[in-house]
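In my numbering, the protein residues as written are 57 to 471.
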């Protein structure tokens, strides 16, 4: 141990001589090391003095009360081994007081623990026999040995328990750290996208695609609402894509919180990971508040309203697929026919009739037999689906009508 401390001291002094930058970092740690080593050395000297006094007392007692055939040397050897074991355990106790959870345990410490374990086991096995024999000749001394043995058992048990806890932390902590780091990276990406979406929804869409989001997420519903004068609905649909990342982040944070809550309050893993998890939760709450600004004013505040409802049976899935194809046709027709309107006097009546036809088609679709089927008896299961599909088309029609009328009046000079 002394050689290892000397090596650390020499290395520290060498670093301090190289640069003042290293000196500021190394000097406090070196001072702490010197202080702790001085304390340990002082304790060892005190133990050695006590052992020397004990040896003299034992020799004196042996000369006065024992014959040459007694087992005094055996008892003296046992006490010396007992005191030596207690001194060795004290060094391990100082190491366990260190709160660092490094997975690089010094090899000397591991070797010392392996060497010490059989020695202490042997002392524990011999203790009862030695105490019984001493009890017959010197009861007071037997009580002293018994008290020291009780100390040895308790302190050795704490050392083994502490080593086991540190090994567990070294195995579990890296996985927790990695999960926290991954969740933090996802939070950072979401924060960047939300920041980009504050003033420029088109920038949000460009940012999402530039960072690897697939183009197929931009659906017909999104195209139908991407008309002049309707940027809020466009932004809302784009944030639906970002909502998938938000929900994924929420799942990861909930898993981390659940994993941490299952640990004991004094568990080293929980103590090490809890400050970072608290910081992550605070950051997540702030992000949720930011994300709510992209929701439609008429919508509730639950994040799960951002995605269509999903049915649970195969029969309803088939029905939804048919509805989806019909809705896609209707919505695409809204986009195609409205954007192709020509603003002339001769075609104005025709254009108005086309809009009326579109409204009539939506009305007929809502009154069709598929909406009176059994799957729609529980309307709440399909409410979100209707809001996203039929609702979006309905919201777009007033704008299309106003857009057609205003451009017609401007071009004809009647506005």
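Just so it is clear, CB atoms sit at the ideal spot from N, CA and C, and this is done for glycine as well.
Item, Value
"Expected contact under 8 Å - CB spacing of residue 246 and residue 307 to nearest Å", "So it is not a contact: roughly 13 Å between Cβ atoms."
"Three-state secondary structure (DSSP) of residue 194", "coil"
"Meets three-Cβ-pair contact criterion under 8 Å: the segment 62-82 and the segment 94-114", "no"
"Buried versus exposed call for residue 285 [16 or more other C-beta atoms within 10 Å across all chains shown]", "Confidence in residue 285 is poor, its pLDDT being 40 and thus under 50, which makes the residue's placement unreliable; the coordinate value appears in the next sentence. Exposed, by the Cβ-count rule."
"Euclidean distance between Cα positions of residue 492 and residue 201", "Outside the displayed span of the chain (57 to 471) sits residue 492, for which this structure offers no information."
"At least 3 beta-carbon pairs within less than 8 Å: the segment 191-199 vs the segment 168-175", "no"
"Beta-carbon proximity list for residue 181, same chain, < 7 Å, skipping 5 on both sides", "none"
"Exposure label - residue 407; buried when at least 16 CB within 10 Å", "buried"
"6 Å CB neighbourhood of residue 393 in its chain, flanking five on each side removed", "The predicted model places residue 393 with a pLDDT of 43, which falls under 50 and marks its position as unreliable, so this point remains unresolved."
"Proximal residues to residue 148 (C-beta, below 6 Å), its chain only, five neighbours per side dropped", "215"
"Local Cβ density within 10 Å of residue 113, reported as buried at 16 or more and exposed below that", "exposed"
"Residue 249, buried or exposed, once every other Cβ within 10 Å from all chains shown has been counted against 16", "buried"
"Cβ shell of residue 313 (< 6 Å), same chain only, five flanking positions each side left out", "none"
"Neighbour-count burial assignment, residue 336, 16 or more Cβ in a 10 Å radius", "buried"
"Burial state of residue 111, where buried means 16 or more other Cβ atoms lie within 10 Å", "exposed"
"Close Cβ partners of residue 72 (< 7 Å) along its chain, the five nearest in sequence each way excluded", "78, 79, 82, 83"
"Residue 75 (DSSP reduced to helix, strand or coil)", "coil"
"Residue 331, buried or exposed, once every other Cβ within 10 Å from all chains shown has been counted against 16", "exposed"
"For residue 188, the three-state DSSP class (helix, strand or coil)", "helix"
"Short Cβ contact (8 Å threshold) for residue 173 with residue 242", "no"
"Secondary structure of residue 420, DSSP reduced to three states", "helix"
"Beta carbon proximity, residue 332 to chain C, threshold 8 Å", "The structure shown has no chain C; it contains just one protein chain."
"Integer Cβ distance of residue 192 from residue 138, believed to fall under 8 Å", "About 19 Å separates the two Cβ atoms, so there is no contact after all."
"7 Å CB neighbourhood of residue 134 in its chain, flanking five on each side removed", "182, 186"
"Beta-carbon proximity list for residue 143, same chain, < 6 Å, skipping 5 on both sides", "103"
"Residue 333 and residue 316 closer than 8 Å at C-beta", "yes"
"Inter-residue Cα distance where the pair is residue 69 and residue 194", "54 Å"
"Local Cβ density within 10 Å of residue 67, reported as buried at 16 or more and exposed below that", "exposed"
"CA-to-CA distance, residue 60 to residue 239, given in whole angstroms", "40 Å"
"Own chain residues within Cβ distance below 6 Å of residue 175, not counting five before or after", "none"
"Best match in 145, 189, 203, 64 for proximity to residue 211 [C-alpha to C-alpha]", "145"
"Contact check, residue 179 vs residue 141, beta carbons under 8 Å", "yes"
"Inter-residue CB distance, residue 65 and residue 86 (contact presumed, cutoff 8 Å)", "7 Å"
"Rounded C-alpha distance that separates residue 75 from residue 94", "27 Å"
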